[in-house]
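Have a look at the structure below before the remarks.
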Amino acid sequence: MERFDTIVVGAGVAGLTTARLLAGAGRRVVVLEARDRVGGRVWTDRADGFVTDLGASWIHGVVDSPVAAAADAFGMRTVEFTVGGYQPDSRPIAYYGPDGARLSDAAARRFADDVHAVDATLLDVVAASAPDASYRDVTEAALVAQGWDEDRAQRVREYLEHRSEEQYGAWIEDLAAHGLDDDSIDGDEVVFPDGYDRLPDHLSAGLDIRLEHVVTEVRWSADGVLVTTDRGPFAADTSVVTVPVGVLKSPDFAIEPPLPEPVAGALGRLEMNAFEKVFLRFETKFWDDGVYAIRQQGPESRRWHSWYDLTALHGSPALLTFAAGPTGNETRAWSDEQLVDSVLAQLRRLYGDRVEQPTRVHRTDWQGDPFALGSYAYMTVGSTTADHDDLATPIGGVLHLAGEATWTDDPATVPAALLSGHRAASNVLGRELPIGDVWAGA
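Using our numbering, read the sequence shown as starting at 47 and increasing by one per residue.
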């Protein structure tokens, strides 16, 4: 049985960051990865000649972002593509009303102003909310405070439902009142025309990474850790586990003795979401020119409401939509044909016979991925923002958890994964490491 100073479980950005820092500090480190590749939920597909990021896509704000600094150090090209957290405006958006007709600029402006008014009210409502309040509870209170008629309120209510789904892949009644507290953007948002997977590729350089090693148990004690895989056991003084929340809660992944408080409680209040991407490529562009997004309102928007124009990024006519929240669960068993027919039916409400069949459809299935079991974690009702950091509480001086779900300020992002890996490495060594060491020597 091989023995190391530290075993890192998972070769996503959190695990690679941890291993890179510890190896740089002279520790003997091994990374055990269940997949046949590094990157985890950072995964770029190039099978059809196009660069398509199936998992993480954006840096949501480059100001003071460690990922932006790392990408720059590694020479990764970026393109500005600011999305702003499902914003109602600030980018050109084509809004279509419940009747399928495009809203005038003035009507779209009034709608965006209504969303901003509710958001301003939400700040105080969320701050005063009960511990068991849902995002539905606080948004309804903010809507009532406006004194609007039912139709006006319903348009914004739909928007808030869609925002909950697109931001966290969760239905509005299942998301904690504080579930969107972390939704802040500082600076431009950028994407990677050459693929986000260049980041984990660079981070993994020179590390001892054992691919296709499926970890089934992590056993910890005062003497260290014993990690069981389908290719045999590994021992170490310490271990950093970076698997997603879905895997941590899976019966196929055991930690013994069981996680203590406050880690166990925090884990119990976090869940993996339903958030799948649907990429549609077309022969010609039939939708609005000069817009970043297309959105429809009304009852028809319950399933498909937003499409994002990726033409400039992909070099050919392409739209991205999301199967998120209830729609993500509902459509999992659908065939590609069923899914496309459903999406196109809504596009035809807006664009009529101009809508053509896509030449290529690419849909993700993170929920069905046994090494993810969802796209990222969200706060269920009863959870607080402290649960993210509590999940990373060191255990017995030998076991540490890291990953996007363990970082409070900006969870569900690659920067959160990187920063959590930096924190875990610092905790293992018992001293603060310079964050720049992650990309030093690039």
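Note that the Cβ used here is the ideal one computed from N, Cα and C, for glycine as well.
These numbers were taken from a predicted model, which means no experiment stands behind them.
Check your understanding: When DSSP builds the beta bridges, which residues end up paired with His446?
Key -> Locating residue 446 in the sequence shown gives position 400, where the first residue counts as 1. In the DSSP output, where bridge partners are listed per residue, His446 has Val286.
Check your understanding: Count the other CB atoms within 10 Å of the CB of Arg123; is the residue buried (16 or more) or exposed (fewer)?
Key -> Counting from one through the sequence shown, the residue named residue 123 turns up at place 77. Exposed, by the Cβ-count rule.
Review point. For Ala115 versus Trp485, is the C-beta spacing smaller than 8 Å?
Key: To locate residue 115, count along the sequence shown from 1; it is residue 69. To locate residue 485, count along the sequence shown from 1; it is residue 439. In this structure, Trp485 lies closer than 8 Å to Ala115 by Cβ.
Review point. When the Cβ atoms of the segment 284–298 are set against those of the segment 316–323, are three or more pairs found closer than 8 Å?
Key: yes
Review point. How would you call His162, buried or exposed, if buried means at least 16 neighbouring beta carbons within 10 angstroms?
Key: Mapped onto the sequence shown, residue 162 falls at position 116. Label assigned to His162: exposed.
Check your understanding: When DSSP labels each residue in this structure, what does Tyr424 get in the three-state scheme?
Key -> Taking the sequence shown and counting its residues from 1, one reaches residue 424 at position 378. Tyr424: strand per DSSP, three-state reduction.
Review point. Alpha carbon to alpha carbon, how far is Glu346 from Pro144?
Key: The residue you call residue 346 lines up with position 300 of the sequence shown. The residue you call residue 144 lines up with position 98 of the sequence shown. Straight-line Cα distance between these residues: approximately 7 Å.
Check your understanding: Once you ignore the five residues that flank Pro308 on each side, which residues in its own chain have a CB closer than 7 Å to its CB?
Key -> Working through the sequence shown from its first residue, we reach residue 308 at position 262. Asp436, Thr439.
Practice item. Compute the distance between the beta-carbons of Ala282 and Thr64, then report whether it is under 8 Å. Key: Mapped onto the sequence shown, residue 282 falls at position 236. Mapped onto the sequence shown, residue 64 falls at position 18. Not in contact: Ala282 and Thr64 (Cβ atoms no closer than 8 Å).
Review point. What span of residues does the alpha helix (DSSP H) with Thr523 cover, start to end?
Key: The shown model of the chain, from 47 to 488, leaves out residue 523, and the question about it has no answer.
Exercise for review: Could you check the C-alpha separation between Ala251 and Thr90 for me, to the nearest Å?
Suggested key: Numbered from its first residue, the sequence shown carries residue 251 at position 205. Numbered from its first residue, the sequence shown carries residue 90 at position 44. Cα to Cα, the separation comes out at about 18 Å.
Check your understanding: What do you reckon, are the CB atoms on Pro112 and Leu475 nearer than 8 Å?
Key -> In the sequence shown, the residue the question calls residue 112 occupies position 66. In the sequence shown, the residue the question calls residue 475 occupies position 429. The answer is no: Cβ separation not under 8 Å.
Point to revise | Whether Tyr205 touches Pro138 by CB criterion (8 Å) | key: Against the sequence shown, residue 205 aligns to sequence position 159. Against the sequence shown, residue 138 aligns to sequence position 92. For Tyr205 and Pro138, no; Cβs fall outside 8 Å.
Practice item. For chain D, find out if any of its Cβ atoms is closer than 8 Å to the Cβ of Pro112; answer yes or no. Key: The structure shown contains no chain D; it is built from a single protein chain.
Check your understanding: Sorted by chain position, which residues of the same chain lie with C-beta nearer than 7 Å to Val108's C-beta, five sequence neighbours on each side aside?
Key -> As a position in the sequence shown, residue 108 is number 62, starting the count at 1. Contacts found: Ala114, Gly233, Asp234, Val236.
Exercise for review: Note down, in chain order, each residue of its chain lying with its Cβ closer than 8 Å to the Cβ of Leu479, except the 5 sequence neighbours on either side.
Suggested key: Counted from its first residue, the sequence shown places residue 479 at position 433. Leu67, Ala71, His468, Ala471, Ser472, listed in sequence order.
Review point. Using DSSP with H/G/I as helix, E/B as strand and the rest coil, what is His408?
Key: If you number the sequence shown from 1, residue 408 lands on position 362. Looking at His408 - three-state DSSP - the assignment turns out to be strand.
Review point. Taking the alpha-carbon positions, what's the Asp335 to Leu149 distance?
Key: Along the sequence shown, read from residue 1 onward, the residue named residue 335 stands at position 289. Along the sequence shown, read from residue 1 onward, the residue named residue 149 stands at position 103. Looking at the two C-alpha atoms, the distance is approximately 15 Å.
Review point. Where do the N-terminal and C-terminal ends of the alpha helix (DSSP H) with Leu490 fall, by residue?
Key: Because the chain is modelled from 47 through 488, residue 490 falls outside the range shown and cannot be assessed.
Check your understanding: Can you tell which of Ala451, Leu169, Phe328, Asp411 has its C-alpha closest to the C-alpha of Ser381?
Key -> Numbered from its first residue, the sequence shown carries residue 381 at position 335. Cα-wise, what sits closest to Ser381 is Asp411.
**Study point:** alpha helix (DSSP H) segments (min. 4 residues) lying fully within the segment 222–273
**Key:** 244–249
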